[in-house]
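Q: With the UniProt record's numbering, the residue at position 44 of the sequence shown is 44, and numbering never jumps.
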Amino acid sequence: MTALGISLCLRKIALKLKLKLRKVIDQYILQTLGHFRNYTILFRVDEDFEEFTQGLDNRNVKSLVSWEGNKLVCEQTGVKNNRGWAHWVEDNKLHLELYCEGEICKQVFKKNVT
């Protein structure tokens, strides 16, 4: 996303990423998996946590994830305004919307049965 200062090269790599979201007891584990690097965050719903987006846009943000209907929504505060993401399942696909300063990036992930 250009609002985050992510280069065209990294945006093209993002098209090939795989996403893994799972729940362990009361904690969620969200993994973004790629050929060159992986990114993992662990969080509990409705609890603030500090996050360093290493390998993405390399910013320190304060994040809060909550449920809004059937969507898992994260609001982030830091250097950039109006920043966050939303995940939800629809038609057996995982949808992701990233937003920052009025820009929206949408991705859809197919279920990978292993």
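The beta-carbon is built from N, C-alpha and C at its ideal position, and this holds for glycine as well.
Cβ atoms of Glu-51 and Val-65: under 7 Å apart, would you say?
A: For the purposes of this step, residue 65 is taken as residue 65 along the sequence shown, with counting starting at 1. For the purposes of this step, residue 51 is taken as residue 51 along the sequence shown, with counting starting at 1. Taking 7 Å as the Cβ cut-off, Val-65 and Glu-51 do not qualify as a contacting pair.
Q: Looking only at its own chain, which residues have a Cβ that is under 6 Å from the Cβ of Val-79, when we skip the five neighbours before and after it?
A: To locate residue 79, count along the sequence shown from 1; it is residue 79. Same-chain partners within the cutoff: Arg-59.
Q: Which same chain residues, not among the five before or five after Arg-22, have their C-beta less than 6 Å away from its C-beta?
A: Taking the sequence shown and counting its residues from 1, the one referred to as residue 22 is at position 22. Here the set comprises Ile-29.
Q: In the DSSP assignment, the beta strand (DSSP E) including Arg-22 goes from what residue to what residue?
A: Sequence index remark: in the sequence shown, residue 22 carries index 22 (1-based). Start and end: 18-24.
Q: According to DSSP, is Gly-69 helix, strand or coil?
A: As a position in the sequence shown, residue 69 is number 69, starting the count at 1. If DSSP states are grouped into helix, strand and coil, Gly-69 belongs with coil.
Q: Which one or two residues does DSSP pair with Thr-77 in a beta bridge?
A: Residue 77 sits at position 77 when you count from the first residue of the sequence shown. Thr-77 is bridged to Lys-62.
Q: Does DSSP classify Val-45 as helix, strand or coil?
A: Taking the first residue of the sequence shown as position 1, residue 45 is located at position 45. Here Val-45 sits in coil by DSSP.
Q: Buried or exposed for Trp-85, going by 16 or more other Cβ atoms inside 10 Å?
A: The residue given as residue 85 occupies position 85 in the sequence shown. Counting Cβ neighbours within 10 Å, Trp-85 comes out buried, since at least 16 surround it.
Q: Would Asn-82 and Glu-101 be called neighbours here (beta carbons separated by less than 7 Å)?
A: As a first step, residue 82 must be located in the sequence shown, where it is residue number 82. As a first step, residue 101 must be located in the sequence shown, where it is residue number 101. The answer is yes: Cβ separation under 7 Å.
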